[in-house]
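First comes the structure, then the notes that go with it.
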Amino acid sequence: MGWIVTSSPSGAAPEGPPELPLAWVTGAAGLLGHALVRAATAPELPWRVRPLTRQDLDLTDFPALRRLYHRDSPALIIHCAAISRTAACEVDPATARLVNVEVTRQLTELAGSARFVFFSTDLVFDGRKGQYREDDPVHPLSVYAETKVAAEERVRQHPRHLIVRTSLNLGRSPRGDRAFNEELRRAWASGRVTRLFTDEFRSPIAATETARLVWALVQHQATGTLHVAGGERLSRWELGQLLARHWPDLKPLMVPASQKDQPGPPRPPDTSLNCAKAETLLGQPMPAFSSWLASQPPGTL
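Structure, rendered in structure tokens:
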């Protein structure tokens with residue numbers, strides 16, 4: 000699957016003035032991790048950041064992880080690294096648990112008094128009702144979701160934790176292959192017809208917006224579990240229509256489909272998230288993806 004690497008920890012110094020506290024961002028080459036690192040350059044954020052990618056450190060090499068942690072002594076860990084593709088987790092559940100659960104456990108044990116921010120997913124719910132609140136019972140339907148539920152349980156044992164459950168994040172990843180919109184763009188650019196579900200609903204959000212909101216929660220000293228996702232409930236089909244209008248030059252080809260006809264493990268039909276708790280804390284509504292996309296220059300994203 001390409002997740003595990005054996006490179007040595009990076010010797011490069013973290014970015015930022017040395018008097019500022021240090022934050023680690025794991026999974027920094029992924030969609031969310033990359034957005035968080037870029038957002039950390041905002042002048043109002045008093046952090047130095049060490050971006051940790053697969054090339055910098057194999058997080059499953061626990062002795063190497065401990066050495067780098069004790070060398071850096073970060074005051075904050077934002078843990079984004081994970082095997083997040085559902086199909087990959089189904090094929091190799093042992094590696095999914097190693098990366099998604101055991102790495103998280105190691106990091107929380109190392110963290111000590113450091114603050115720990117963990118990214119989880121709306122897929123911890125079974126999708127039977129939608130508009131899930133933080134205290135709704137979880138019911139994972141896939142190996143990936145099961146590993147996130149198990150990891151959440153580990154994180155809750157850390158005294159200064161923040162679990163951020165988010166939804167479908169969109170944007171530009173460094174490799175161009177992480178986001179749903181990147182998959183659609185490649186398909187449409189090659190003339191392929193995409194089948195998009197009309198009966199599967201999420202709360203999509205731009206990764207740059209997630210990063211902005213999570214850094215704001217860090218500044219608010221937020222703890223516990225919070226939902227951070229888009230302010231509107233959209234199906235894959237509706238999302239595809241929005242993106243098709245944004246990329247008219249690609250002449251997008253898509254047909255409506257039902258998730259009930261999709262092979263593999265069952266898919267939650269509606270994992271839209273209620274984000275009122277985070278909205279109250281931040282004093283602002285969650286951004287609607289359609290409005291955010293309309294503010295972007297045509298053809299971008």
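At the far end of the sequence shown sits residue 300, using numbering that gives the first Met the number 0, and the numbering has no gaps. Where is the CB? At the ideal position from N, CA and C, for every residue including glycine.
Check, Outcome
"Beta-carbon separation (whole angstroms), residue 230 vs residue 275, contact threshold 8 Å", "At roughly 11 Å, the Cβ-Cβ gap does not stay under 8 Å, so residue 230 and residue 275 are not in contact."
"Same chain only: Cβ atoms within 7 Å of residue 192, ignoring 5 sequence neighbours per side", "252, 253, 254"
"Nearest candidate by alpha-carbon position, reference residue 33, set 168, 70, 244, 201", "168"
"Any alpha helix (DSSP H) of 4 or more consecutive residues that is wholly inside the region 124 to 164", "142 to 154"
"Rounded C-alpha distance that separates residue 281 from residue 161", "15 Å"
"Proximity to residue 283 [Cα-Cα], best of 208, 267, 247", "208"
"Under 9 Å between C-beta atoms of residue 242 and residue 292", "yes"
"Contacts around residue 99, its chain only, beta-carbon distance under 7 Å, and the 5 residues preceding and following it disregarded", "81, 82, 146, 147, 150"
"Buried or exposed (CB count within 10 angstroms, at least 16 for buried), residue 177", "buried"
"Environment of residue 234 [buried if 16+ CB atoms lie within 10 Å]", "buried"
"Whole-angstrom C-beta distance between residue 67 and residue 75, which should lie under 8 Å", "No, residue 75 and residue 67 are not in contact; Cβ-Cβ is about 15 Å, not under 8 Å."
"Euclidean distance between Cα positions of residue 277 and residue 53", "31 Å"
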